[in-house]
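Structure first, then comments.
In the working numbering, the protein residues as written are -3 to 94.
What follows is the structure in structure tokens.
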């Protein structure tokens, strides 16, 4: 026996709110982290070893930028999903109106 699948507009909106909240929390943590890192300044020297640590494709700066971009991509995706769920909830309600 199968269980029918169904959703309601209010359930979709609730999930959309949750996704938007998670996205906002992630953005707040990301912002705080980037501010903290920026305030710390460079923790490496400008000698050969310091440049190897900081620069290059696998260096600290590139990895920091990759993490920042990854978090931004995830929060953008969560926002996109949340917006889609809100639109779907509205569309379902409109379909039910005479």
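Glycine included, each C-beta is placed from N, C-alpha and C at the ideal position.
Within its own chain, the residues whose Cβ lies closer than 8 Å to the Cβ of residue 74, once the five positions on either side in sequence are excluded, are 15, 16, 18, 19 and 22, listed in chain order. Taking all protein chains in view, the Cβ of residue 4 is surrounded by fewer than 16 other Cβ atoms within 10 Å, so the residue is classified as exposed. Annotation for residue 82: 9 and 12 place their beta carbon closer than 7 Å to its own, counting only its chain and skipping 5 residues before and after. Minimum Cα-Cα distance from residue 38 among the listed residues 63, 85, 64 and 56 corresponds to 56. Apart from sequence neighbours up to five positions away, the residues of its chain that approach residue 40 with a beta-carbon distance below 6 Å are 46, 49 and 50, ordered along the chain.
The alpha-carbon separation between residue 85 and residue 0 amounts to approximately 19 Å.
CA-CA distance, residue 59 to residue 77, rounds to 27 Å.
Judged by DSSP in its simplified three-state form, residue 35 adopts helix. For residue 63, the enclosing alpha helix (DSSP H) has its first and last residue at 56 to 92.
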